[in-house]
Amino acid sequence: MARVYSNWDRLVRATLRREQLRNTGQGHERVSSGLAGAVPPSLGRATNIDAILQAADEIQSEDPSVARILCEQAYSMAQNLDPNSDGRGVLQFKTGLMSVIKQKLAKRDGASIDRDRDIERLWEFYKLYKRRHRVDDIQKEEQKWRESGTTFSSNVGEILKMRKVFATLRALIEVLEVLSRDADPNGVGRSIRDELGRIKKADATLSAELTPYNIVPLEAQSMTNAIGVFPEVRGAVQAIRYTEHFPRLPVDFEISGQRDADMFDLLEYIFGFQRDNVRNQREHLVLTLSNAQSQLSIPGQNDPKIDENAVNEVFLKVLDNYIKWCKYLRIRVVYNKLEAIDRDRKLFLVSLYFLIWGEAANVRFLPECICYIFHNMAKELDAKLDHGEAVRADSCLTGTDTGSVSFLERIICPIYETISAETVRNNGGKAAHSEWRNYDDFNEYFWTPACFELSWPMKTESRFLSKPKGRKRTAKSSFVEHRTYLHLFRSFIRLWIFMFIMFQSLTIIAFRNEHLNIETFKILLSAGPTYAIMNFIECLLDVVLMYGAYSMARGMAISRLVIRFLWWGLGSAFVVYYYVKVLDERNKPNQNEFFFHLYILVLGCYAAVRLIFGLLVKLPACHALSEMSDQSFFQFFKWIYQERYFVGRGLFENLSDYCRYVAFWLVVLASKFTFAYFLQIKPLVKPTNTIIHLPPFQYSWHDIVSKSNDHALTIVSLWAPVLAIYLMDIHIWYTLLSAIIGGVMGAKARLGEIRTIEMVHKRFESFPEAFAQNLVSPVVKRVPLGQHASQDGQDMNKAYAAMFSPFWNEIIKSLREEDYLSNREMDLLSIPSNTGSLRLVQWPLFLLCSKILVAIDLAMECKETQEVLWRQICDDEYMAYAVQECYYSVEKILNSMVNDEGRRWVERIFLEISNSIEQGSLAITLNLKKLQLVVSRFTALTGLLIRNETPDLAKGAAKAMFDFYEVVTHDLLSHDLREQLDTWNILARARNEGRLFSRIAWPRDPEIIEQVKRLHLLLTVKDAAANVPKNLEARRRLEFFTNSLFMDMPQARPVAEMVPFSVFTPYYSETVLYSSSELRSENEDGISILFYLQKIFPDEWENFLERIGRSESTGDADLQASSTDALELRFWVSYRGQTLARTVRGMMYYRRALMLQSFLERRGLGVDDASLTNMPRGFESSIEARAQADLKFTYVVSCQIYGQQKQQKKPEATDIGLLLQRYEALRVAFIHSEDVGNGDGGSGGKKEFYSKLVKADIHGKDEEIYSIKLPGDPKLGEGKPENQNHAIVFTRGEAIQTIDMNQDNYLEEAIKMRNLLEEFHGKHGIRRPTILGVREHVFTGSVSSLAWFMSNQETSFVTLGQRVLAYPLKVRMHYGHPDVFDRIFHITRGGISKASRVINISEDIYAGFNSTLRQGNITHHEYIQVGKGRDVGLNQIALFEGKVAGGNGEQVLSRDVYRIGQLFDFFRMMSFYFTTVGFYVCTMMTVLTVYVFLYGRVYLAFSGADRAISRVAKLSGNTALDAALNAQFLVQIGIFTAVPMVMGFILELGLLKAIFSFITMQFQLCSVFFTFSLGTRTHYFGRTILHGGAKYRATGRGFVVQHIKFADNYRLYSRSHFVKAFEVALLLIIYIAYGYTDGGASSFVLLTISSWFLVISWLFAPYIFNPSGFEWQKTVEDFEDWVSWLMYKGGVGVKGELSWESWWEEEQAHIQTLRGRILETILSLRFFMFQYGIVYKLDLTRKNTSLALYGYSWVVLVVIVFLFKLFWYSPRKSSNILLALRFLQGVASITFIALIVVAIAMTDLSIPDMFACVLGFIPTGWALLSLAITWKQVLRVLGLWETVREFGRIYDAAMGMLIFSPIALLSWFPFISTFQSRLLFNQAFSRGLEISIILAGNRANVET
């Protein structure tokens, strides 16, 4: 039994060790060891067991007995907490812990244990431990530091060690306290308890160092955190401290921590805010105040105070939205005047607002609701502050007898529960938006005075808080998001009115033959009725689309609707009536023109009034005047003209900006209308007149409309495509002009000045000065420039270089750490500090390499004078620098090495050389041909000196020095000088006695050591460094950084005075770090991630191996053998993917940059050593620099399900923990859920949710900082914004940068961040910026062509595109990019995104909408950039574009787009339209133009009109259609999409490279890719507006070089591309067959080449861009897989990836509503046209146009369907029935064939007719299939659904075979696959990579 027990112990211990190893991330990062890391969560939350076990591990080596005592105590605590071991993992933990205790007992070698003495032993160890670590001395020193207001300068290692000591002491005290209870009360136990009591009162240090805090240790002062010592922080703490005139708190009110009471304690007591919310917002306010103060001035160290201006600034900024809300609702703010309230009241109000916001949870999305809550609570607070005693607030009383208060329970929960009940009605996003209230509806309730009906405390029975009951919907507020395309018309009505009136006017002028007389003018006046009717239609839409909001809408809003409806209804009738009268007058001769004059008067008066109101409301110069007018008459008409919302007021820009974007659009419109008139409208006039006056002719089908209506459909088919292009091509002109403007602006901003590494080399000399001017704060510049102000330019350059060098070297170091550089390259690129005594600037060696050797060659070959030689050297300025540096360095090094006679010799030599140089006789004094020999001797010496000193090396150095002396004296010097030295007595005596150079002073001074190493490299590196660095990414980054130094940017302020900011990254469950198994797991081709990266980035792999000290031959097994190397490998791979680890590393560069900048600025806090200037070696260990960086920068990653991941022990949780350990400033926020007992002691009932913030503690484990209870599950809307919202309360600062987890950052860019933040104080128009746009670099375009296309397209948008949007158009929004938000502005206005389900699926852009509507200003800046990953496979790209297009479809329905479209002035509205939803509308219209054109052509062909018309006029060749088709073709293949891209190429690459890149892209079929993307956007955008279904699509962010199966591509693109492509192909084939063209079918093919290009692109792009898409073996496997998928029956729970039937059902899921079914039915009717037209074209019909023929064709179709059913029917009964069925099928088939043969032989039915019938019946069958799917429920009732499904299977099988056949054919030819690989991976080939190695994989090709 003992053996079994022992084995069990071993098993448990091994399991725990494995678990611990897994949690360590396979590396050295985890500090926790033993059992401390294995404490179950159920035990760890309630006790400090893990801390006690950690202390046991720490002291195990010092005293095993004490460690055993701690383990026993931990076991006792675990047993008391969970005696039955019910918790998860508790039994294993207790068993393992007992095993550890037994092992410790066994190691005592049989010695007895007296447990009664355990407490004494523990007590003695405690005292010994304190003495050993000088704890008492440290406490005394700390007290002195606190009193002096400074902190000590210690390194981080000592601080961590000290904190571990405090943690161990605290654990010892806790165990002592427990054990003392059982000790003898009169013996040692009593003295220990007394001592413990004294410790707990006096030992504040232990508590302070171990109390969890976020940034500032406010609960207890910390000696290891310098932030609390900064005077501005101390002043902020003092400002909120409790004073005598505040109401007194009850005696029993507990103050958290070891601090004095403050305002937050009073607010907590009055309103019942949560303790952790109070702690969080206390720190928030302290940091906000201190940073506001620091931007004004730094307070003095003694008794620092916060300036009144700083308090006012914070007060006004935080309460700005509240003040505007009060003004809008015409209510008084809670204070009378700003001057009337004292500073304490202001801080109370700000604190209250922060506390409300911090605990509001989902209510934070309702900013005006928070204003309402704040307004009422502030009034309560105002009353309470007048009491002498603190009194609880009535509004927050919980109703219990205890008189407790809870803000969350009484205020937030009722609102949350109402919102939550509404979100249930959205049915997971499937319900219509009109069925439920979203966040905006709730918030807009507080835009009306009706919100005060809620009263205070809020009435739960109010309409606002009413929950939906049953199927009865609750009313919307003021806008209803009905799903209809009509929103496009309604939101941008002014655009459509303008476009249609211009089209009408241009058409009239064209038809009047450009005769601009009074008659033409009268016809042009028809624009009046058009204008009135379109406005009436808008009013009608307003009335209809408001359905669902009438009961909750304001009475004023409804009144406006009614007034406008009546006004435009009567007005349009009036205008139409009068215009008809005008036409009557025109047709009657000799009539006066009364009605004409009256009509002109009416229109003129209306136009004048409208113009005046337009100017007053929209024109910037007049807007202020209109705002000041209080005339009710004026305000009434202004209200009628423009709806009044809380948002959207004041949407105007200053006059200069207004004029700029007006001029932009005038140029666009002039170009557009000129093109439209001369090339679209005018050429159609003559053909139209010809058709109208065409004599009657026989239609070739049964015509219903055209024959009796002047060939109306013929005219429509002619004009429809032209009209479609007229409405769409304005986007083309916008794109062209914006590309030109963007290029000019980029050139003006000096973008692309440095675009090659050669240019970096050439201009390096100018970098230090540019860097100092822009990126160095005045604090740093004052020191060196003040010292050298009186000296020459050389000294100034050296001062600039001294400032530049630490930053440049740190950038180079970061590139080396990222493995973009080798060690050699790092040495060559590093620049000396330039702070030594050397008199000239020292440049990096890569500029000077081989320069000395070249100079020596010049000198040896020189036959001219010294001046000529020096001139030749100076032709290369860096050669001159190298020669000078070499000269001065040799002199300094030699002087430092030798003494006595040797030094005299050195001084004499250099004196002679200096004199020779001055006299110009150097060539005489020295024998220059011996220079090579001298250099070789000196390099022999430096080669020894760069190594560590040993006796042998010292002897060798002395000999080398003597050899150098010999060569210089006897070979280099002239004869006369040599004789002088030889006869120099002192020197000769020393030489003869052997004392000369016998002792060499080895370099000890760091400056000399650096110079020796540098000089050795300077003299020995022979190869040129023109290609240093060779890594393309390193080059790109250095090129952009150095180029940005010359761009305009604000002056950098000192770190202490800069704008503080946070970075915010939402994370869900994406990859954090690649695990070791993921690195090596192979796909079906045998390719692993590691193998892929080794081949794609071979130079980086070599650099990585060099960095970890491994050779290139190192194998995977060797790397895995070392846990450190294995972990580094995981990071290396993860840093090359789109992982959270990469993002976190990049964002933490901000802190590193701030630490370096702060360190060099030397903000003294006890130490102020000027010698630290420009010596950054210790900056990462400087406690002051770290504190200053933490004061200004916060990084929060919102890992929504991190708590669940930890509970489930997922690797993501372990990896996040690893990141927390690596980056001490990293904070992770997550949502934690707990099951709440149901009251009877059991579990179950509801869940409680908490928002938590954690960091890594000193042992590397998660330490909880804050835990704020939420009112419920926070995920009510879209996941990402909800994830951001719960964690945003933990951010700090005045700015916040939103970063997705597929982004990256670089140290050189982080250095520029404080410059960017100064833009918030810059002038960028009429308002200060609220969002700073930041440029992006897409880093995923380096290998495949697809990734390159996407990267270029994205780059052109995020650079050139957004450049123009921000200026001059002033319509840039937020696009999910790394923009920097004004944090206070946005958190007080709803946050940085919107979260309503589905409608806000593209949550990012709504932040821009919201900011703009709330009078924000969005700018764009390109001197700084952030990296971003994009999707790299076609399927990933398609899913991404589908997600974006679907999001834009939802935007069309949104109130934000409607309000911006209505409230912007006309020109800014056009900018907004064409750069948001209008882009997708134009994309969709491009495709619709193809359909309109082809259906029009097919109509002409079927009806015979084309043939009849062509006899009269050559219609087919008219200019208008040619122009239309050419425009369509250009747009379709993406030429105009590429224009901004080309302009970006020209700007940043140069003209020749730009042309080459563009041509290369065309050869790589980029046009196919862009045309395919056209279809993707069109499908998802259109389907979203029709049916909804937009959802977040996880696109995957892995490494994609793998083959996608045919079936996967078919499933993804079948409905979006393939069906549409086949339809277009069918239209083209039909027109080729039946259309009339002069040149035959070939001319029509040429005419429609763009349409054929579209068909081919949509059908075959997924396979062209599919790796190994034409490899025969893959093709065979794909076919088998596709057939298997197609024939698999499926069933319940079977996914669409496995079964065609399941996929087919999923594809129909979007058709849910009756409206959607009706629309689908209407759209499906177009397919019946094919059969209708073909029937009348058959030879069999003999030109019969009877309608009966069409009926007979349906009879034939029914027969065919019956035969199909007969052949496919397979009974499951007896074999006799089956035999009879087979016989019947055989007879039927023979009969059918015989009938066809007879018909062909006996009638006019021909073989072409047979093919025509097939061509006609296929689309009819598809129409029937589509209708059946649309009305699926009806078909199910009729029992026909199985038949419909089989028809669907046949159609998909046929389409698949048509697509697959060409692929299979091409796969026969091996060269096709090779060509495709080159096509897809040209980027890799151009980098010298053999992509075939990757495609082939790791496995050998085995023949089977």
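By the count of UniProt numbering, the sequence shown reaches residue 1904 at its end, each step adding exactly one.
Cβ atoms here follow ideal geometry from the backbone N, Cα and C, with glycine treated the same way.
For residue i, the three-state DSSP class (helix, strand or coil)
| i | result |
| --- | --- |
| His1016 | helix |
| Gln60 | coil |
| Gln919 | helix |
| Tyr1195 | strand |
| Ala801 | helix |
| Ala1229 | strand |
Spatial distance of residue i from residue j (CA atoms)
| i | j | result |
| --- | --- | --- |
| Glu62 | Asp137 | 22 Å |
| Arg816 | Leu1038 | 13 Å |
| Asn587 | Phe596 | 12 Å |
| Ser1861 | Phe652 | 59 Å |
| residue 1988 | Trp665 | This structure cannot speak to residue 1988, because the chain is shown only from 1 to 1904. |
| Gln1436 | Ser1616 | 15 Å |
| Glu1671 | Val1683 | 18 Å |
| Gln295 | Ala880 | 45 Å |
| Glu901 | Leu945 | 21 Å |
| Arg1583 | Ala1709 | 12 Å |
| Asp394 | Leu1276 | 30 Å |
Beta-carbon separation (whole angstroms), residue i vs residue j, contact threshold 8 Å
| i | j | result |
| --- | --- | --- |
| residue 1905 | Leu1317 | Past the boundaries of the shown model lies residue 1905; the chain is included only from 1 to 1904, so the question cannot be answered. |
| Phe1728 | Thr1843 | About 20 Å; that fails the 8 Å criterion. |
Buried/exposed call for residue i, threshold 16 Cβ in 10 Å
| i | result |
| --- | --- |
| Met1049 | buried |
| Lys1394 | buried |
| Val318 | buried |
| His1321 | exposed |
| Leu1795 | exposed |
| Thr1291 | buried |
| Lys164 | buried |
Residue i: CB within 7 Å of a non-hydrogen atom of the ligand COA
| i | result |
| --- | --- |
| Ile412 | Only the bare structure without any ligand can be found here, which leaves the ligand COA out of the picture. |
Taking one C-beta from the region 246-257 and one from the region 390-400 each time, how about it: are there three or more such pairs within less than 8 Å?
With a cut-off of 8 Å, the region 390-400 and the region 246-257 count as touching, because enough Cβ pairs lie within range.
Count Cβ pairs between the region 1086-1105 and the region 1395-1409 that sit closer than 8 Å; are there 3 or more?
Contact fails between the region 1086-1105 and the region 1395-1409, because fewer than three Cβ pairs, one in each stretch, are under 8 Å apart.
Across the region 846-866 and the region 889-897, are there enough close Cβ pairs to call them in contact, namely three or more that are closer than 8 Å?
Proximity of the region 846-866 to the region 889-897 falls short of the contact definition, fewer than three beta-carbon pairs being nearer than 8 Å.
Just checking, does the region 1262-1280 make contact with the region 1102-1115 on the three C-beta pairs under 8 Å criterion?
Segment contact: the region 1262-1280 against the region 1102-1115, fewer than three CB-CB distances shorter than 8 Å; contact not assigned.
Is it a yes or a no for the region 748-768 touching the region 1049-1058, going by three-plus beta-carbon pairs under 8 Å?
Segments in contact, no.
Mind the definition here: the region 409-426 touches the region 295-307 only if three or more C-beta pairs lie below 8 Å; say whether that holds.
They do not touch, by the three-pair rule.
Counting Cβ pairs, one atom from each stretch, are 3 or more of them under 8 Å apart for the region 1129-1140 and the region 1066-1073?
Cβ pair count under 8 Å is three or more, so yes.
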